[in-house]
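2 protein chains.
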Amino acid sequence: MSAKDTISRLLRCRAVLEKLKLLGMVKVYSDNLAAAVGVSAALVRKDFSIFGLTGHRRGGYRIDDLLSQLNRILGRDQPLKVLIVGCGKIGTALMNYRGFGTQGVRIIAGFDVDPEKINPNAVPPVYPMDDFERVMNAEQIRVAILATPENTAAHVAERMIMAGIRGILNFAPIPLKGGPSCLVQNIDIALELENLYYFVRLGEATEERRGK
Amino acid sequence: MSAKDTISRLLRCRAVLEKLKLLGMVKVYSDNLAAAVGVSAALVRKDFSIFGLTGHRRGGYRIDDLLSQLNRILGRDQPLKVLIVGCGKIGTALMNYRGFGTQGVRIIAGFDVDPEKINPNAVPPVYPMDDFERVMNAEQIRVAILATPENTAAHVAERMIMAGIRGILNFAPIPLKGGPSCLVQNIDIALELENLYYFVRLGEATEERRGK
DNA sequence: TAGATTGTTAATCGATTAACAATC
DNA sequence: TAGATTGTTAATCGATTAACAATC
């Protein structure tokens with residue numbers, strides 16, 4: 001899906017632009033952005049043109065302008081509020097993840113069925129799973145991270161979807177399918193490792209062949 | 001990159017096949033696999049044909065045969081040994097991740113610069129970063145997970161690559177680029193959430209329009 | 001002006017799908 | 001045999017790139 005890839009690239013452009021701005025830079029060329037994001041300059045301009053992001057012929061792009069246009073498109077007005085379901089190791093790690101603060105992601109609460117994990121006074125608080133629907137509605141949240149063990153993941157996801165969650169980032173070690181009312185993005189860590197390993201071995205195989 | 005996608009699909013097919021085998025099933029059709037993996041049957045057969053995986057006209061595929069052929073291609077002979085660099089919240093969570101055991105991924109050790117994190121008696125053990133090269137060579141490891149904070153990630157990655165690591169799965173909240181000797185797969189959690197959120201909002205927008 | 005960069009169009013490339021002959 | 005499924009080819013689809021006129 002290219003729409004997805006286009007948005008990914010725009011998000012990465014935004015991250016780069018924010019860093020450039022902090023460094024005090026004022027303008028940037030498609031060439032610079034492309035190098036920073038790791039794609040071709042033509043593709044950066046193409047992505048921009050899809051959303052009507054414009055610069056100045058000969059003069060590149062004003063970083064401020066580009067950022068405010070990107071923020072309008074990508075929605076950076078309010079922070080992205082997220083719930084975490086499953087407060088085991090991974091869930092807990094994500095509760096206080098450093099990478100979120102800078103990116104405008106805010107973890108509002110965690111949920112678990114294990115009474116020992118509950119702690120409404122922590123920041124973010126951890127509530128019993130029974131409170132999920134209530135908190136979700138009270139805070140108007142539509143995106144959640146799923147981080148339960150494999151055996152409960154599908155069941156829990158169903159409950160979240162029933163409650164009205166529209167997007168799930170799934171860290172459970174089993175891929176889930178979305179549905180008409182809910183998008184699912186699976187993060188399959190074991191699969192990523194095995195995929196990486198395949199190409200590592202492939203590279204070694206071709207190296208050996210060359211070496212001969 | 002399709003090669004990457006093809007391998008991902010084959011890995012997912014393998015995972016499905018292993019479950020079917022546990023259930024006592026003997027044969028499977030491209031149709032079944034496709035539904036389980038969430039792609040078209042034609043694509044499953046296409047992926048198979050790229051690697052010469054064959055079944056029986058009219059008779060589908062024998063699960064045992066397919067599994068052993070897939071294992072040959074994807075390399076399931078020995079477990080995939082992995083090191084983790086950075087034993088903060090995320091790194092520690094991955095140290096004992098349940099999803100790895102079943103998939104043949106084995107975390108051999110973790111590393112950190114913080115003396116308080118060191119524990120050579122834990123399973124897996126956590127060593128000082130100074131021991132990285134030694135352990136990597138002793139265990140013949142080529143793939144590692146990077147889970148340090150943003151500010152040290154690039155520097156640490158460089159050290160890992162110098163040491164001879166060939167593949168890095170990067171959980172640090174800053175995308176890294178690979179190089180000729182090392183592949184990098186970035187897991188950018190904030191970006192995944194923002195991407196998901198974009199399409200959630202997009203869906204809501206079109207729903208509203210329909211509602212009118 | 002001369003030179004450089006954008007914005008966009010057309011060309012290319014590659015992945016997926018459709019379709020069907022082969023065949024069990 | 002009749003029917004169903006594979007393996008593969010050709011068609012389609014879509015994303016990326018190349019190229020260049022517009023223009024600052």
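Protein sequences appear in the order of chains A and B. Residue 75 in the working numbering sits at position 75 of the first sequence, with consecutive numbering throughout. Residue 11 in the working numbering sits at position 11 of the second sequence, with consecutive numbering throughout. Just so you know, even glycine gets a beta-carbon here, dropped at the ideal spot from N, CA and C.
Query                                                                                                                          : Result
Pro-175/A vs Arg-12/B beta-carbon contact at 9 Å                                                                               : yes
Contacts that Phe-100/A makes with chain B (C-beta to C-beta distance below 9 Å)                                               : Pro-173, Ile-189, Ala-190, Leu-193
For Phe-51/B, the three-state DSSP class (helix, strand or coil)                                                               : coil
Minimum Cβ-Cβ distance from Arg-159/B to chain A less than 9 Å                                                                 : no
Any non-hydrogen atom of the ligand COA closer than 8 Å to Phe-48/A Cβ                                                         : In the structure shown, the ligand COA is absent, as is every other ligand, since no ligand is present at all.
Test: Lys-4/B CB closer than 9 Å to a CB of chain A                                                                            : yes
Residue-level contact to chain B via CB, Ser-40/A, 9 Å cutoff                                                                  : no
Cβ neighbour criterion (16 or more within 10 Å) applied to Val-37/A                                                            : buried
Interface flag, Ser-68/A vs chain B, CB-CB below 9 Å                                                                           : no
Residues near Asp-47/B by beta carbon distance below 7 Å, same chain, minus five either side                                   : Thr-6, Arg-9, Leu-10
Local conformation of Val-135/B per DSSP, three classes                                                                        : helix
8 Å Cβ cut-off: residues of chain A touching Ser-8/B                                                                           : Leu-191, Asn-195
CA-to-CA distance, Phe-199/A to Ala-138/A, given in whole angstroms                                                            : 46 Å
Ile-145/B versus Asn-195/A: straight-line alpha-carbon distance, rounded                                                       : 13 Å
Exposure of Met-95/A, with buried meaning 16 or more beta-carbon neighbours within 10 Å                                        : buried
Cβ-based contacts, 9 Å cut-off: residues of the stretch 77 to 104 of chain B near chain A                                      : Leu-80, Val-82, Gly-88, Lys-89, Ile-90, Gly-91, Thr-92, Ala-93, Leu-94, Met-95, Asn-96, Tyr-97, Arg-98, Gly-99, Phe-100, Thr-102, Gln-103, Gly-104
Through-space distance from Leu-33/B to Val-16/B, alpha-carbon basis                                                           : 7 Å
Residue environment, Gln-140/B, which counts as buried when at least 16 other CB atoms sit within 10 Å                         : exposed
Pairwise C-alpha distance: Gly-167/B and Gln-185/A                                                                             : 23 Å
In chain order, each beta strand (DSSP E) run of at least 3 residues that lies wholly inside the stretch 172 to 208 of chain B : 183 to 186
Through-space distance from Gly-24/A to Thr-54/A, alpha-carbon basis                                                           : 21 Å
Length of the line joining the Cα atoms of Gly-52/B and Ala-122/B                                                              : 44 Å
Neighbouring residues, chain A, relative to Leu-183/B (Cβ below 8 Å)                                                           : Leu-196, Phe-199, Val-200, Gly-203
Integer-rounded CB distance, given that Gly-91/A should sit under 8 Å from Ser-110/A                                           : First, the residue type needs correcting, since residue 110/A is Gly and not Ser in the sequence shown. Their Cβ separation, rounded to whole angstroms, is 6 Å, which keeps Gly-110/A and Gly-91/A in contact under 8 Å.
Beta bridge counterpart(s) of Ile-84/B as assigned by DSSP                                                                     : Gly-110/B, Ile-145/B
Under 8 Å from the C-beta of Leu-74/B: neighbouring residues of chain A                                                        : Glu-194, Tyr-198
Partners in chain B for Leu-169/A, counting only beta-carbon separations shorter than 7 Å                                      : Glu-192, Leu-193, Leu-196
Rounded straight-line distance, which links the Cα of Gln-78/A to that of Ile-108/B                                            : 42 Å
Partners in chain A for Pro-115/B, counting only beta-carbon separations shorter than 9 Å                                      : Going along chain A, no residue has its Cβ under 9 Å from Pro-115/B, so there is no contact; the nearest lies around 21 Å.
Rounded distance between the beta-carbons of Ile-187/A and Glu-192/B, thought under 8 Å                                        : 7 Å
CA nearest to the CA of Arg-201/B, picked from Arg-142/A, Lys-117/A, Ser-30/A                                                  : Arg-142/A
Range covered by the alpha helix (DSSP H) that runs through Ile-7/B                                                            : 2 to 22
Proximity winner among Asp-112/B, Tyr-127/B, Gly-75/B, relative to Tyr-197/A (alpha-carbon distances)                          : Gly-75/B
Beta-carbon gap between Ala-190/B and Val-105/A smaller than 9 Å                                                               : yes
Same chain only: Cβ atoms within 7 Å of Ile-118/A, ignoring 5 sequence neighbours per side                                     : Asp-112, Val-126, Tyr-127, Pro-128
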